[in-house]
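Participant: Structure below; questions to follow.
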Amino acid sequence: MHIERDPNGDFILESGEIAGRFGLSRDEFRQRIRQGLVTSTVERGEAEDIGTSRLSVRLGNRLWRAVLNNEGEVQNEAVTFVRGRGHTPRS
């Protein structure tokens, strides 16, 4: 997978490809974006990771994360499940 960048340097993700990572169609994924259920972050590599970027897209309790090289090529990616926050087991 190769991820393009716009003239400002922002990453451009193909919604159909990302949707597939979550087991959704492009239309289902776009609907969740419109509903405000999809969030994303970009982290730039530092020190020994300079030139890399980590993209994260979260939908509910699922998180797709990819590490890109400086050419925009995905070096590794994974979809994981995120545990809920603030849950304290009852005694």
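Here the sequence shown stands for residues 551 to 641, numbered as in the numbering used here. Just so you know, even glycine gets a beta-carbon here, dropped at the ideal spot from N, CA and C.
Distance check for GLY570 and ASP599, CA to CA, integer angstroms please.
Facilitator: Cα to Cα, ASP599 sits roughly 28 Å from GLY570.
Participant: Tell me THR589's beta-bridge partners as DSSP assigns them.
Facilitator: In DSSP, THR589 forms a bridge with ARG608.
Participant: Just checking my contact of ARG612 with PHE572 at CB under 8 Å: how many whole Å lie between their CB atoms?
Facilitator: The Cβ separation is near 6 Å, so the contact holds.
Participant: Is LEU587 buried or exposed, if buried means 16 or more other CB atoms sit within 10 Å of its CB?
Facilitator: Per the 10 Å Cβ criterion, exposed.
Participant: Taking the alpha carbon of GLU623 as the point to measure from, which residue in LEU605, SER565, ARG633 has its own alpha carbon closest?
Facilitator: Nearest C-alpha to GLU623: LEU605.
Participant: So who's on the other strand from SER603, going by DSSP bridges?
Facilitator: DSSP lists ARG594, LEU618 as partners of SER603.
Participant: Compute every distance between the C-beta of GLU593 and the non-hydrogen atoms of the ligand HEM, then say whether any falls below 6 Å.
Facilitator: Absent from the structure shown: the ligand HEM. Ligands present: none.
Participant: Reducing DSSP to helix, strand and coil, say where ILE562 ends up.
Facilitator: In this structure, ILE562 counts as strand in the three-state DSSP scheme.
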